[in-house]
Amino acid sequence: MSAPISSTNGDGQTNGHSHDETATQNGNGVSQEQTNGANPQQNGHEHHHDHAIKRPTKIGTGLKDRVHQITKGPPGGFDPTPLPDAPQGYTIRFIFHGASNLAPGDFVTASSDPFLHATLKGTQPKRHKEDPDLTHRTKTIRKTTEPEWEDEWIVANVPPTGFTLKCRMYDEDFPDHDDRLGNVTVKVPSIGPDWKGIPAPGRVYEAKKRMMSKRAYLAKAITSVVTHNIHMTPLLRLSMELLGPSDPPYAQMYTVGPTTWVKHFSPLIGRIAGVKVNANAEDDARVDEDQQVDQDGNKKSKTQKYDFQANEMQLQGPVPPKLYHRFVEFRPIIASIYSSAGLRGTILNKALHSQHRRIYNFNASTEYGDFDACSSEASEQFLKLVHFDEGGRTFTYVLTLDGMFRFTETGKEFGIDMLSKHTMHSDVETYIACSGEFFIRRLKKPLASDDVHPHTKTHPQEDIPGGPPKEHPPHDPAYYQLIIDNDSGTYRPDKSTLPYLKEFLERNFPGLGIITMHWEDQELQDMKENQRNVKKNEGRMINMVMNRSQSSISSAESELDDREESWQQGHKSKREAAYEALEDPHKVKDAVKSIVPGLKSERGESSK
1 MSAPISSTNG DGQTNGHSHD ETATQNGNGV SQEQTNGANP QQNGHEHHHD HAIKRPTKIG
61 TGLKDRVHQI TKGPPGGFDP TPLPDAPQGY TIRFIFHGAS NLAPGDFVTA SSDPFLHATL
121 KGTQPKRHKE DPDLTHRTKT IRKTTEPEWE DEWIVANVPP TGFTLKCRMY DEDFPDHDDR
181 LGNVTVKVPS IGPDWKGIPA PGRVYEAKKR MMSKRAYLAK AITSVVTHNI HMTPLLRLSM
241 ELLGPSDPPY AQMYTVGPTT WVKHFSPLIG RIAGVKVNAN AEDDARVDED QQVDQDGNKK
301 SKTQKYDFQA NEMQLQGPVP PKLYHRFVEF RPIIASIYSS AGLRGTILNK ALHSQHRRIY
361 NFNASTEYGD FDACSSEASE QFLKLVHFDE GGRTFTYVLT LDGMFRFTET GKEFGIDMLS
421 KHTMHSDVET YIACSGEFFI RRLKKPLASD DVHPHTKTHP QEDIPGGPPK EHPPHDPAYY
481 QLIIDNDSGT YRPDKSTLPY LKEFLERNFP GLGIITMHWE DQELQDMKEN QRNVKKNEGR
541 MINMVMNRSQ SSISSAESEL DDREESWQQG HKSKREAAYE ALEDPHKVKD AVKSIVPGLK
601 SERGESSK
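Anchor point for the sequence shown: position 476 equals 476 in full-length UniProt numbering, and the numbering is continuous, going up by one each time.
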């Protein structure tokens with residue numbers, strides 16, 4: 001429960017960067033004085049010159065801003081804003097024991113598949129208002145209206161000035177929207193060393209019926225008519241326990257435990273993408289001695305199935321405060337998408353949230369588990385989720401501010417319509433800790449080396465015995481290296497933050513060799529190219545562009561490259577032009593010209 005990283009944000013340093021404090025207020029390195037007004041000395045001219053100088057001042061300021069954006073890049077990326085000052089917080093264990101009297105989401109079975117989603121809001125100041133609140137999801141209990149979760153959530157640095165815990169109960173109903181079964185909000189005005197909490201077996205709270213979905217409310221009403229002595233109000237039982245004071249950084253509320261993993265499966269996406277996994281999850285880490293045999297004593301081959309696998313690992317916080325990145329506004333529409341502003345922004349924001357739910361979907365096939373925090377068990381579980389060093393896989397990842405590590409097997413062959421894949425993984429969060437890509441490399445000897453050039457052979461660069469592709473992988477994490485980078489155009493993590501990423505991963509995955517590399521490193525590009533070649537040779541190439549017609553790998557890469565180039569140059573896609581025309585009817589003519597090639601004005605023709 002103690003935080004191994006001390007608070008180092010009070011000195012205003014930015015890891016070697018020399019950004020002024022005022023240069024970070026507007027997100028693009030320009031101070032408020034430079035952006036919002038001219039030099040005050042210019043306002044001291046005589047009154048009859050005021051009208052003459054105001055117009056050139058605006059033109060000059062706009063030009064300066066445009067030049068600054070070209071030289072310094074668009075707003076976003078690494079944010080050096082330090083954590084605000086805050087008093088020492090406390091570590092609290094929340095236990096969601098269970099619920100009763102829930103509405104049946106399924107009319108046939110008269111039951112639900114209930115789960116609970118908790119949101120914790122503290123009263124301590126944030127670095128930015130867009131910083132996400134802490135959330136926690138319980139497992140889904142199948143076919144019941146009386147679930148018993150007995151689910152724990154341990155949070156550090158809960159402020160002494162109080163907090164609000166909001167518990168939303170749902171009926172899991174993939175692929176449709178989950179039905180709301182009721183909300184419970186618990187407000188605690190203050191806590192201290194003598195705070196009694198809510199001791200076990202807990203307190204029963206009545207949920208708000210008006211927050212139930214219409215279908216759930218109707219089902220509950222019908223049930224209450226048919227069966228007597230049934231009340232309409234859902235009930236939730238939970239408890240809270242004070243574990244003691246937390247360690248710094250005090251302004252950073254974070255999840256201590258439990259450290260968990262979740263595997264999400266999408267068979268349809270797996271078939272489209274051509275991705276196969278072992279039908280039996282135990283085959284992911286089976287060694288030769290454990291390999292199954294048939295009645296004649298012959299070794300059984302592993303059965304595989306088409307399935308796209310998305311993974312989540314809740315690691316133990318705190319995430320280093322220096323790992324703090326904002327989405328990059330390389331086009332004006334990007335900000336509206338993240339803030340869900342305007343017609344286009346709202347539609348695209350909902351579409352990206354929908355893509356996230358589709359990839360990280362919860363259904364009957366979802367697998368859950370937990371592991372000891374910062375242990376060799378955690379390292380081994382991570383290696384199981386990435387299938388060790390099998391198949392030349394490359395993964396895209398996002399690390400959230402609360403230590404949620406999300407990743408899927410992807411590459412340049414996998415694209416998300418309209419925005420990069422990291423936006424989907426982050427679920428359109430404004431701020432994250434880090435994002436990029438990674439892959440696994442196996443060593444011939446268990447050295448646990450963090451050297452890019454270890455004194456031993458490596459796979460898949462070289463064919464070495466004792467593991468894939470011909471044998472099962474060894475379990476010892478010391479045989480493996482995690483090579484992870486900051487290759488993300490959406491958030492563009494700064495090179496200077498990579499040592500903090502390495503420190504965090506080394507603490508959570510002990511025994512595993514952690515290597516952090518900058519995405520522009522040519523050696524890294526060569527290693528990634530080798531990974532793609534291994535994937536091609538084994539016939540496992542992913543060929544997929546979501547929400548688009550299927551095409552070859554080369555055309556998909558070309559499409560993504562052209563899309564990024566057009567966005568950088570300010571060109572609008574046909575869809576964007578249509579959305580803009582809906583927002584502003586005066587732009588209908590321009591939208592038609594962009595959609596119909598024959599109506600585009602020829603080069604050199606003036607537009608009036």
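Note that beta-carbon positions come from the ideal geometry of N, C-alpha and C, so glycine has one too.
For residue i, the first and last residue of its enclosing beta strand (DSSP E)
i	result
Lys-196	Unbroken run through Lys-196: none, as it is neither H nor E.
Asn-361	That residue, Asn-361, is in no beta strand (DSSP E); it is neither H nor E in DSSP.
Asn-486	No beta strand (DSSP E) holds Asn-486; DSSP gives it neither H nor E.
His-136	134 to 137
Thr-185	179 to 188
Val-398	395 to 399
Lys-166	163 to 171
Arg-406	404 to 409
Gly-391	Note, Gly-391: premise wrong, no beta strand (DSSP E); not H, not E.
Cβ distance (whole Å) where residue i is taken to contact residue j below 8 Å
i	j	result
Leu-236	Val-184	5 Å
Lys-263	Gln-309	6 Å
Ala-478	Pro-446	4 Å
Ser-246	Gln-88	7 Å
Ala-219	Phe-107	6 Å
Gly-392	Lys-535	4 Å
Phe-395	Glu-409	6 Å
Asp-370	Pro-258	5 Å
His-97	Pro-201	7 Å
Gly-76	Glu-329	5 Å
Contact with chain B by residue i, beta-carbon distance below 8 Å
i	result
Pro-258	Absent here is chain B; the protein component of the structure consists of one chain.
Extent of the continuous alpha helix (DSSP H) to which residue i belongs
i	result
Ile-333	332 to 339
Gln-381	376 to 385
Glu-503	498 to 508
Arg-532	522 to 537
His-472	Element bounds for His-472: n/a, residue is neither H nor E.
Thr-423	421 to 426
Nearest residue (CA-CA) to residue i, options the options
i	options	result
Gln-531	Glu-506, Ser-488 and Phe-439	Phe-439
Thr-260	Glu-429, Ser-379, Pro-74 and Asp-521	Ser-379
Leu-123	Leu-165, Leu-315, Thr-516 and Asn-486	The identity of residue 123 in the sequence shown is Thr, whereas the question assumes Leu. Out of Leu-165, Leu-315, Thr-516 and Asn-486, Leu-165 has the C-alpha closest to the C-alpha of Thr-123.
Glu-367	Pro-75, Gln-381, Ala-373 and Ser-375	Gln-381
Cys-374	Gly-403, Lys-214 and Leu-348	Gly-403
Tyr-491	Ile-333, Ile-95, Gln-461 and His-325	His-325
Pro-189	Phe-163, His-128, Asp-173 and Ala-221	Phe-163
Ala-110	Glu-148, Arg-215, Pro-245 and Pro-82	Arg-215
Pro-84	Arg-393, Pro-75, Arg-127 and Asp-106	Arg-127
Arg-442	Asp-451, Gly-436, Asp-106 and Pro-245	Asp-451
residue 609	Thr-458, His-356, Ala-433 and Thr-410	Any property of residue 609 remains undetermined from this structure, which presents the chain solely from 1 to 608.
Phe-362	His-475, Glu-312, Glu-172 and Pro-125	Glu-172
Ser-435	Thr-458, Arg-406, Ala-86 and Pro-510	Arg-406
Tyr-397	Lys-457, Pro-493 and Pro-474	Pro-493
Pro-460	Arg-93, Asn-537 and Lys-495	Asn-537
Leu-512	Leu-243, Pro-175 and Tyr-480	Tyr-480
Ala-99	Glu-529, Ser-213, Gly-197 and Ser-239	Ser-239
Tyr-170	Gly-192, Asn-311 and Thr-144	Thr-144
Identified DSSP bridge partners for residue i
i	result
Leu-235	Ser-100 and Glu-206
Gly-77	Arg-326
Gly-90	For the record, residue 90 in the displayed sequence is Tyr; it is not Gly. For Tyr-90, which the question treats as bridged, DSSP gives the partners Val-158 and Pro-245.
Phe-265	Gln-309
Asp-370	Thr-260
Met-517	Asp-485
Ala-448	DSSP output for Ala-448 lists no bridge partner at all.
Trp-149	Answer is none; Trp-149 lacks a bridge partner.
Thr-123	BP columns for Thr-123 are empty, so no partner.
Tyr-254	Ala-156
Gln-355	Partner(s): none; Gln-355 has no beta bridge.
Ser-435	Val-398
Asp-106	Ser-111
Gln-316	Gln-316 pairs with nothing; no bridge assigned.
Should the stretch 132 to 139 be regarded as contacting the stretch 110 to 122, the criterion being three or more beta carbon pairs within less than 8 Å?
-> Output reads yes: the stretch 110 to 122 touches the stretch 132 to 139.
Review point. Three or more beta-carbon pairs under 8 Å between the stretch 462 to 479 and the stretch 385 to 398, yes or no?
Key: By the Cβ test, the stretch 462 to 479 is in contact with the stretch 385 to 398, since at least three Cβ pairs between them sit closer than 8 Å.
Quick check: the stretch 248 to 265 against the stretch 204 to 215, are at least 3 beta-carbon pairs closer than 8 Å? no
**Prompt:** Any contact of the stretch 503 to 518 with the stretch 317 to 326, i.e. 3+ C-beta pairs under 8 Å?
**Reply:** yes
- Query: Okay, do the stretch 421 to 434 and the stretch 154 to 169 touch, 3+ Cβ pairs below 8 Å being the bar?
  - Reply: no
Quick check: the stretch 513 to 527 against the stretch 336 to 347, are at least 3 beta-carbon pairs closer than 8 Å? No, because fewer than three Cβ pairs between the stretch 336 to 347 and the stretch 513 to 527 fall closer than 8 Å, the two stretches do not touch.
Practice problem: State whether the stretch 509 to 517 contacts the stretch 469 to 485, with contact taken as three or more CB pairs (one from each stretch) at a distance under 8 Å. | Solution: yes
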